[in-house]
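Asks:
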Amino acid sequence: TEAAAAILYDPAKDLIALVEQFRAGCLESQYGPWCLEVVAGMLEPGEDPNDLILREIKEEADLVPKKLHKITAYYSTPGACNEKIHVYCAECDLSTAGGIHGLEHENEDILLQVFDAVDVFDAMLNSRMNNAATLIALQWLAAHRDELRGIY
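Its first residue numbered 567, the sequence shown is counted upward by one per residue in the numbering used here.
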């Protein structure tokens, strides 16, 4: 199936928000099973990726983006499955963001945390940010950060 993911970025304050979730697939990771990730979710039948990511940002972060940038779409493991992930950067006001979010009926227990962008970029390759969607979004943001902040 398809999914969508978004890095939450505040260009005015140079902040990045990530969600922390337990991931059973990372039980044996050297960093443990609590991963720092971008907001993400699975497409429902007939749903558009843009609509999905806006819904997920509201559910997992209680935010409404000011602007949405499409980064790319990629196949996560084309040798094994047809999962396609649409990746975005969502410009948001993160000045009051944070806390626990998610849908109770989906048993979600999602901690939204806000970090200085520099700290995230310094830690992104050797940390709990160890999944492709998060790393792709962060690499795109690192390349476009000055542009988003109005620094040329």
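Beta carbons are placed, not taken as given, at the ideal position from N, Cα and C, and that holds for glycine.
Should Leu-634 be counted as a contact of the ligand GDP given a C-beta to heavy atom distance under 7 Å?
Replies: Among the components of this structure there are no ligands whatsoever, and the ligand GDP is therefore not found.
Asks: Out of Ser-693, Ala-606, Ile-637, Tyr-654, which one is the CA nearest neighbour of Gln-596?
Replies: Ser-693
Asks: What did DSSP end up calling Asp-712 once you bin it into helix, strand or coil?
Replies: helix
Asks: If I follow the unbroken alpha helix (DSSP H) through Glu-657, where does it start and stop?
Replies: Segment 650-657 is the beta strand (DSSP E) holding Glu-657; no alpha helix (DSSP H) there.
Asks: With a cut-off of 8 Å, do at least 3 Cβ pairs link the segment 580-593 to the segment 631-648?
Replies: Taking a cut-off of 8 Å on C-beta distances, the segment 580-593 does not touch the segment 631-648, as fewer than three cross pairs fall below it.
Asks: Specify the secondary structure class of Leu-620 as computed by DSSP and reduced to three states.
Replies: helix
Asks: If you draw a straight line from the alpha carbon of Met-690 to that of Asn-696, how long is it in whole angstroms?
Replies: 8 Å
Asks: Suppose the cutoff is 7 Å on Cβ atoms and the five residues either side in sequence are ignored; what does the same chain contact list for Thr-567 look like?
Replies: Met-608, Leu-609, Glu-649
Asks: Tell me whether the segment 617-636 and the segment 571-582 touch, counting them as touching only if at least three CB pairs, one residue from each stretch, are closer than 8 Å.
Replies: Short answer: they touch.
Asks: Let me check understanding here. Comparing Cα to Cα, which of Ile-623, Leu-581, Asp-614 lies closest to Ile-666?
Replies: Ile-623
Asks: Looking only at its own chain, which residues have a Cβ that is under 7 Å from the Cβ of Gln-705, when we skip the five neighbours before and after it?
Replies: none
Asks: What residue range is occupied by the uninterrupted beta strand (DSSP E) comprising Val-684?
Replies: Segment 683-689 is the alpha helix (DSSP H) holding Val-684; no beta strand (DSSP E) there.
Asks: Got a sec, what are the start and stop residues for the beta strand (DSSP E) Gly-664 sits in?
Replies: Note, Gly-664: premise wrong, no beta strand (DSSP E); not H, not E.
Asks: Could you check whether Leu-707 and Ala-663 sit closer than 8 Å to each other, using their CB atoms as the reference points?
Replies: Not closer than 8 Å, so no.
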